[in-house]
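These notes are about the structure you will find just below.
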Amino acid sequence: MTDPRIREAANAIECVLLVSGEPVRLDQLADAVQAPADVVAAAVALLRQEYAGRGLEVQEVAGGYQLGTRPAYADAVRRYLGAAGREPLSQAALETLAIVAYRQPITRPEIEALRGVRSEHILERLEERRLIKAVGRKPTVGRPILYGTTEAFLRYFGLRDLSDLPPLDALGGPPPAVAPAETGEAGSEER
Amino acid sequence: MTDPRIREAANAIECVLLVSGEPVRLDQLADAVQAPADVVAAAVALLRQEYAGRGLEVQEVAGGYQLGTRPAYADAVRRYLGAAGREPLSQAALETLAIVAYRQPITRPEIEALRGVRSEHILERLEERRLIKAVGRKPTVGRPILYGTTEAFLRYFGLRDLSDLPPLDALGGPPPAVAPAETGEAGSEER
Amino acid sequence: MTSTRPDPFIVRTATFEGPLDQLLRLAQDGQVDLAALPLGDIAAEYLARTRQDLDPDDVTETIWLLAALIELKARALLPQPPPAEEAAEDAGQLEELLEERLAAYRAFRDVATALRTLEAYQQRVFLRLPEQPDEPLLSGIALTDLWRAFQEVLARGKERGAEIPPEGITVAERMAAILALLAAHPQGVPFDALFPAEATRLEIVVTFLALLELVRLLRVRVVQEARFATIRIYARTPQEDRTGAEAG
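Protein chains in written order, with the numbering used here: chain S, 20 to 210; chain E, 20 to 210; chain H, 157 to 404.
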């Protein structure tokens, strides 16, 4: 039998996640349902279990939880919405975004040195899509803007946090066998 | 055992109801999930049964079905939705909002020149609160983003347009006799 | 132009007239005869201007732009290094550097592929639209609070001696406003839309100057389909003036 306190918390959380439409952090959930953190954590686990094999799923994204549709049913959703779907990023934009993600904070000249082409326009587009943002200025001549990724970036790719990024294999060898967060390799990329 | 066709239809329907937010008719559901009417009806019945005792429910309204929260959990939802709005604006945020209101369109560097401190984070918060938004880019080097106030800002303060803002008195005289949108007391708490 | 606010610094030489950043862009694209570019005159002109008004942001940007131009010109004027025995070594180093860069770039291309997979997955995930998407998250603030806050900023700014942007209408402001309007209307706007009924004569004149400036800078296009038809103003897409400048 499920603890009734956990059942009630799970029900309330389900409601909050439905109306939120974006990731909700555990502390926000605890405030909303007015339950202690351990009950909230257990309630989220219960919900995830109950949605196994169903149409919806509780996703852990950008430091919070969100109630979303499973990709398997995307066609039904698109038919209903009549929407063609969001435009995916261009290859150039995706590469530039990858450089920002792994090397942040990074300036435009540094990005351009890596890509070998001008990237001003692409950076502007990425900023408009809220995937990157200016996070400061580098204390060198001209004080160029430093770019970093945003929370929307994490949501866009369904990442919990930056350590969730696919491992970067900068040396040209095979990808590391261990999860990057533990090898410390990801850390050295991000400086 | 549930018929797998009904299970699949139920999952897809669950997804459509999640994204819709308004009642969806049976024929719309049938179109979206591409299943015959009897399968759709059975799938809806299955969903209603599965949501018994849960936080969400499949409600039959206005000739259609919608996925909504149970009234029993309305308090948790209200607490969640209200939490962001109840957070008071800091004095710094209020000042920044005032600058944007009176000097729009204005860039971040211009705001910072006026305030004498960095304001990036504050601008982000104001944007999240739907009080200001990017309205364009200034055609100077770096093409900085120009900020302006939103429609929601006007509505909140009960202004028809920006010319309704209380006029500035550069000489520092007493505030003009404008009817405040709400009592002015809460604002002064923040000093 | 009744205000003291600096308009963008316009370079005027025999062959070029326009903002400094545009000059740099053209120079970087190899479209400027650097040897003939009187950088000394340009710098002197800018210096003279800063004696009237000094905007720290503007000065920083301008110095950076001038420095970049000086570097370009210096490179153009210096004789090309003769191919000596050192060259072979340099070439080797250069090759190494290029290879290193290529390896790093390849790694990013690989993760870009991994990100593409994540993107494809997440694009098939849908959420409900957030409730009350157009309500401001605000309570307990009255209009007088807003008014008072702005007065305080102005007062403090005066104490600090900060330069407070004047309320007067400047060409730069109107240019920004026109671009903002066009950004919100990709289908363009009728000419009249730039001149609201309540606009003062000064506003109208300055707005018109701003429009001319934008036309000259190739930022907007003015179209009249037929005689006496409505004149429409469109934003020029960045591609139109950046063709080939960037691999997108």
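Using N, Cα and C, we set each Cβ at its ideal position, and we do this for glycine too.
- G135(E) places its beta carbon 8 Å or farther from that of L335(H).
- Against chain S, the CB of S39(E) has a partner CB under 8 Å away; the residue lies at that interface.
- T126(E) is not a Cβ neighbour of L145(E), given a cutoff of 8 Å.
- Listed by position along chain S, the residues whose Cβ is nearer than 8 Å to that of Y202(H) form an empty set, because the closest Cβ is around 16 Å away.
- Here V215(H) is exposed, its C-beta having fewer than 16 other C-beta atoms within 10 Å.
- Listed in chain order, the non-local C-beta contacts of Y121(E) below 7 Å within the same chain comprise L184 and L187, local neighbours out to five positions each way being set aside.
- A distance of 8 Å or more separates the beta carbons of R257(H) and L100(S).
- Residue burial annotation: V160(S) is exposed, with fewer than 16 other C-beta atoms found within 10 angstroms of its C-beta.
- Judged by beta-carbon spacing, V119(E) lies beyond the 8 Å limit of G87(E), meaning their Cβ atoms are not closer than that value.
- According to the DSSP secondary-structure assignment, Q78(S) is paired through a beta bridge with Q85(S).
- Taking a beta-carbon distance threshold of 8 Å, Y121(S) counts as an interface residue toward chain H.
- At the C-beta level, L285(H) and G74(E) stay beyond 8 Å of one another.
- Under the Cβ criterion of 8 Å, V267(H) is counted among the residues facing chain S.
- Comparing C-alpha distances from L299(H) to each of L178(E), L150(E), K157(E) and P163(E) shows the shortest one belongs to L178(E).
- DSSP places I151(E) within a strand segment (E or B) once states are collapsed to three.
- Segment contact: the region 57 to 72 of chain E against the region 47 to 65 of chain S, fewer than three CB-CB distances shorter than 8 Å; contact not assigned.
- Rounded to the nearest whole angstrom, the CA to CA distance from A153(S) to P42(E) is 42 Å.
- Sequence-ordered contacts of the region 67 to 89 of chain S with chain E read E69, G72, R73, G74, L75, L86, G87, T88 and R89 [C-beta pairs closer than 9 Å].
- Here A391(H) is bridged, per DSSP, to V376(H).
- Per the C-alpha coordinates, the member of E170(E), L113(E), K157(E) and R162(E) positioned closest to L142(E) is L113(E).
- Using a Cβ-Cβ cut-off of 8 Å, E275(H) counts as an interface residue toward chain S, since at least one Cβ of chain S sits closer than that to its own.
- The alpha-carbon of A31(S) is positioned some 27 Å away from that of A95(S).
- Within chain H, no residue has its beta carbon less than 7 Å from that of R98(E); the closest one is some 13 Å off.
- Here L176(H) carries a helix assignment [DSSP, helix/strand/coil].
- For L285(H), the closest Cβ of chain S is nearer than 8 Å.
- Taken through DSSP and simplified to helix, strand or coil, P346(H) comes out as strand.
- Beta-carbon to beta-carbon, R330(H) and V362(H) are separated by about 5 Å, close enough to satisfy the 8 Å threshold.
- With its beta carbon at least 8 Å from every one in chain S, V154(E) lies outside the interface.
- Between D180(S) and G83(S), the C-beta spacing is not below 8 Å.
- Around V371(H), the same chain offers V378 as residues with beta carbons nearer than 7 Å, after the five sequence neighbours per side are excluded.
- With a threshold of 8 Å between beta carbons, R272(H) makes contact with chain S.
- Flagged as an interface residue toward chain E: Q47(S), by a C-beta distance shorter than 8 Å.
- With distances taken between CA atoms, Y202(H) lies nearest to L222(H) out of D185(H), A259(H), A333(H) and L222(H).
- Take E139(S), set aside five residues on each side of it, and the residues of its chain with a beta-carbon closer than 8 Å to its own are R127, in chain order.
- DSSP, read as helix, strand or coil, puts I297(H) in coil.
- In terms of beta-carbon proximity, Q187(H) stays away from the interface with chain S, with every pair separated by 8 Å or more.
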